[in-house]
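Here it is, written out as structure tokens:
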């Protein structure tokens, strides 16, 4: 009986020992060169020699926790970096430029702070898709792939007609803009961009079954 109990204890201890060898996530804050950005380095369970570093970029109103369900599978083989874009999660909202170029700069700053040489795969959800493309433009030949998740839905569709093709409706719209100036809606949207919605409002959050 004692041998049986000892054997069961040894069997149960194997997965615990394996889990203990996975490095703990390394959370950091980058505050040089722009808004303070919170990011986390997830080292792989085994050496990721000659494998690209995977950078996960969340969408609008989300934060880096969006990718929690995917991290266990990814970090089993790859070094993974997650970050909160400026104005999201734990990152600062201390800037006025909320363009894709500026968000791409967030990604570039974090990537270069973590690793200045490794090849990269950029994965972007929703708004993170265009951000990944902009970051790839800034990072150049290091980027091996850009992967979109629930994004780029307009690729392959015909271009929308120009405003000049809308006839009288377009004329009325332009005339109304000249009289009233920027709308309150635009002002509200700009205000919201400097203080994004909480993480709970993040659309399309994957379930824990998504791997």
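In this note's numbering, the protein residues as written are 101 to 311.
Positions of the beta carbon are idealized from the N, C-alpha and C atoms, including for glycine.
Q: List in chain order: all unbroken alpha helix (DSSP H) runs of 4+ residues lying wholly within the segment 178–226.
A: 200–214
Q) Ordered along the chain, which non-local residues of its own chain (more than five positions away) have a Cβ less than 7 Å from that of residue 171? A) 142 and 180
Q) Would you call the segment 246–256 and the segment 185–194 touching, i.e. three or more CB-CB distances under 8 Å? A) no
(Q) Strictly by DSSP, which residues pair up with residue 126? (A) 141
Q) What are the boundary residues of the beta strand (DSSP E) that residue 248 is part of? A) 243–249
Q) Grouping DSSP H, G and I as helix and E and B as strand, with all else coil, what is residue 257? A) coil
Q) Would a check of beta-carbon distances place residue 235 closer than 8 Å to chain B? A) Among the chains of the structure shown, chain B does not appear; only one protein chain is present.
Q) Just to confirm, are residue 233 and residue 139 a CB contact at a threshold of 8 Å? A) no
Q: Pull up the DSSP beta-bridge partners for residue 156, would you.
A: 182 and 223
Q: Quick one: grab the DSSP three-state call for residue 172.
A: helix
Q. Hey, how far is the Cα of residue 313 from the Cα of residue 151?
A. Outside the displayed range of the chain (101 to 311) lies residue 313, so it cannot be described from this structure.
Q: Would you give the residue range spanned by the alpha helix (DSSP H) that residue 237 belongs to?
A: 228–239
**Q.** Cβ neighbour criterion (16 or more within 10 Å) applied to residue 186
**A.** buried
Q) Quick one, which of 302, 217 and 125 has its alpha-carbon nearest residue 244's? A) 217
Q) When we look at the beta-carbon of residue 168 and count the other beta-carbons within 10 Å, is it buried (16 or more) or exposed? A) exposed
Q.
Going by C-alpha to C-alpha distance, which of 165, 125, 224 and 215 sits closest to residue 204?
A. 224
(Q) Whole angstroms are fine: how far does the CA of residue 121 sit from the CA of residue 255? (A) 43 Å
Q: Go ahead and label residue 147 buried or exposed: buried means 16 or more other beta carbons lie within 10 angstroms of its beta carbon, across all protein chains shown.
A: exposed
Q: Would you check if the distance between the CB atom of residue 194 and the CB atom of residue 164 is smaller than 8 Å?
A: no
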